[in-house]
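**Student:** The numbers in the sequence shown follow our numbering, run straight up by one, and end at 892.
Quick one: the structure is below, questions incoming.
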Amino acid sequence: MMAMSMDYLLPRSFSSPPRVFSYRSSSKGCCSQGHNPIQQCCLWSSECWKKRGLECHSNSLIRLKLSRSVPSDRWKHVKASSGQSLEPESEACTMMKEWEPLRSALNAFYRFSRPHTVIGTALSIISVSLLAVENLADISLPFFTGLFQALISALFMNIYIVGLNQLSDIEIDKVNKPTLPLASGEYSFRTASVIVSVFAVLSFSIGWMVGSWPLFCALFISFLLGTAYSINLPFFRWKRYAIVAALCILAVRAVIVQLAFFLHMQTFIFGRKAIFSKPLIFATAFMTFFSVVIALFKDIPDIEGDRIFGIRSFSVRLGQKPVFWACVCLLEFAYAVGVVVGATSAHFWSKLVTVTSHAILASVLWNNARSVNLTNKSDITNFYMFIWKLFYAEYLLIPLIR
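Here's what the structure looks like:
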């Protein structure tokens with residue numbers, strides 16, 4: 491039947507220049523059943539990406555059938571409706587397969603780096619650095635240089651800390667977070683160890699070369715607390731103890747990030763005296779509440795694995811529901827403080843933005859909390875990620891506190 495159809499399409503002699511014929515596809519999508527072999531495939535559509543292996547195989551069969559039914563001197567006249575031959579389809583499929591290992595490697599590293607913590611670290615450093623700006627003239631090359639130095643070294647240290655935590659929690663993560671590269675088997679223990687070691691060395695190297703003592707101290711203390719929190723050695727692995735674990739997170743997220751990176755900009759970059767301003771004090775106090783909430787809430791979705799492996803988190807000891815509502819109430823109290831502090835601002839624009847924004851965030855938090863099903867792990871995990879979004883939003887507001 492194919493041979494007969496091709497004979498009609500390609501007569502043995504032409505009295506006039508040949509015209510290109512094509513059939514309409516019987517269904518939409520280049521990978522659907524009934525797709526005519528002469529019709530051009532949309533190689534770059536999402537459907538073809540998903541079915542590229544089958545598509546490449548199909549294209550090979552199409553060319554094989556056409557080669558049997560069409561004389562070789564006429565093959566050049568058989569074209570798709572767009573005027574292109576079918577040959578580039580195989581090349582595109584091959585190219586996609588060649589890039590697949592790189593895409594998979596980048597995806598694994600993305601999950602290994604725990605991107606929600608990376609974003610939180612970056613936003614916090616940018617926000618706190620802006621607190622040191624007193625006028626527009628401060629937004630200069632030295633400011634951006636100091637900000638870049640702080641960002642890169644802190645993000646490298648962040649990857650070391652979250653990576654070490656995964657190295658220490660492989661068996662727990664197989665229960666709680668099976669999609670992480672170590673838990674899923676995408677990374678070997680040796681591969682992950684090399685990654686965290688390299689990022690720790692790079693972080694310290696940058697901090698040392700910059701020569702800023704506030705920056706280096708921030709990296710060093712974060713390294714010590716992050717290591718003591720996770721590593722499974724005598725007297726360490728502090729994450730087993732709920733209060734100590736919460737204090738580690740609070741010390742880094744609430745105190746070190748606010749004070750050390752502010753001092754890096756204030757004293758090292760701008761060469762000014764260390765002054766603890768109202769916005770800095772507010773940022774430290776507000777992030778104390780947020781850090782406690784993150785420390786408590788992160789264990790709620792992980793209660794199953796923590797209970798199996800003897801991690802005595804507050805969620806394991808008290809239950810998910812009491813810890814959940816304690817976290818919500820702590821955040822609501824923090825937002826109330828934000829409204830009060832904003833209302834005392836001497837600048838109308840600051841008062842308007844901070845009071846309104848904190849009130850709106852408090853309302854959104856409460857409405858979202860009421861809709862969470864505490865028996866559904868997916869619901870709890872999504873709400874935990876929502877708390878991180880509130881964390882990001884607060885760092886956008888902190889520079890506006892005046």
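C-beta atoms are modelled at their ideal positions from N, C-alpha and C, and glycine is treated no differently.
Quantities reported herein were computed from a predicted structural model and do not represent experimental measurements.
Is the stretch 879–891 in contact with the stretch 610–623, if contact means three or more CB pairs nearer than 8 Å?
**Tutor:** Yes, the stretch 879–891 is in contact with the stretch 610–623.
**Student:** Tell whether a beta-carbon distance below 8 Å holds between Ala741 and Leu715.
**Tutor:** Residue numbering aside, residue 741 sits at position 251 when the sequence shown is read from its first letter. Residue numbering aside, residue 715 sits at position 225 when the sequence shown is read from its first letter. Yes, they are a contact pair.
**Student:** Assuming Phe602 contacts Pro671 (C-beta within less than 8 Å), just tell me the rounded distance between them.
**Tutor:** By 1-based counting over the sequence shown, the position of residue 602 is 112. By 1-based counting over the sequence shown, the position of residue 671 is 181. Phe602 to Pro671, Cβ: 5 Å. Contact.
**Student:** Grouping DSSP H, G and I as helix and E and B as strand, with all else coil, what is Gly543?
**Tutor:** To locate residue 543, count along the sequence shown from 1; it is residue 53. Unreliable placement is indicated for Gly543, whose pLDDT of 45 sits below 50; the coordinate value is still reported in the next sentence. In the structure shown, Gly543 sits in a helix (DSSP, three-state: H, G or I).
**Student:** Which two residues bound the contiguous alpha helix (DSSP H) that contains Lys763?
**Tutor:** As a working mapping, residue 763 is identified with position 273 in the sequence shown. No alpha helix (DSSP H) holds Lys763; DSSP gives it neither H nor E.
**Student:** CA-CA distance, Gly761 and Pro704?
**Tutor:** As a first step, residue 761 must be located in the sequence shown, where it is residue number 271. As a first step, residue 704 must be located in the sequence shown, where it is residue number 214. Approximately 13 Å between the Cα atoms of the pair.
**Student:** For Asn625, is the classification buried or exposed, using 16 other Cβ atoms within 10 angstroms of its Cβ as the cut-off for buried?
**Tutor:** Residue numbering aside, residue 625 sits at position 135 when the sequence shown is read from its first letter. With fewer than 16 other Cβ atoms within 10 Å, it is exposed.
**Student:** Would you list the one or two residues that DSSP bridges to Tyr731?
**Tutor:** To locate residue 731, count along the sequence shown from 1; it is residue 241. Paired residues: Arg802.
**Student:** Between which two residues does the alpha helix (DSSP H) harbouring Pro724 extend?
**Tutor:** Looking up residue 724 in the sequence shown gives position 234. Note, Pro724: premise wrong, no alpha helix (DSSP H); not H, not E.
**Student:** For Ser712, decide whether its Cβ has a neighbour in chain B, counting only Cβ atoms nearer than 8 Å.
**Tutor:** Reference to chain B is not applicable here, since this structure consists of a single protein chain.
**Student:** Verify whether the separation of the beta carbon atoms of Gly795 and Ile662 is less than 8 Å.
**Tutor:** Counted from its first residue, the sequence shown places residue 795 at position 305. Counted from its first residue, the sequence shown places residue 662 at position 172. The answer is yes: Cβ separation under 8 Å.
**Student:** Is the separation between the beta-carbon of Ser835 and that of Thr844 shorter than 8 Å?
**Tutor:** Within the sequence shown, residue 835 is the residue found at index 345, counting from 1. Within the sequence shown, residue 844 is the residue found at index 354, counting from 1. Yes, they are a contact pair.
**Student:** Please classify Thr611 as buried or exposed, where buried requires at least 16 neighbouring CB atoms within 10 angstroms.
**Tutor:** Position 121 of the sequence shown, counting from 1, holds the residue named residue 611. Answer is buried; the Cβ neighbour count reaches 16.
**Student:** Pull up the distance between the alpha-carbon of Phe706 and that of Leu753, whole angstroms please.
**Tutor:** Your numbering for residue 706 matches position 216 in the sequence shown. Your numbering for residue 753 matches position 263 in the sequence shown. Their backbone Cα atoms lie some 11 Å apart in a straight line.
**Student:** Hey, out of Leu851, Asn863, Leu631 and Phe694, whose CA is closest to Gln810's CA?
**Tutor:** What you label residue 810 is simply residue 320 of the sequence shown in a count that begins at 1. Selected option, being the one with the closest Cα: Asn863.
**Student:** Determine the extent of the alpha helix (DSSP H) in which Tyr650 is found, giving its start and end residues.
**Tutor:** Against the sequence shown, residue 650 aligns to sequence position 160. Where Tyr650 is concerned, the enclosing alpha helix (DSSP H) stretches over Leu631 to Ser658.
**Student:** Whole angstroms are fine: how far does the CA of His848 sit from the CA of Leu613?
**Tutor:** Translated into positions along the sequence shown, residue 613 becomes position 123. Translated into positions along the sequence shown, residue 848 becomes position 358. If you take the alpha carbons of Leu613 and His848, they lie about 18 Å apart.
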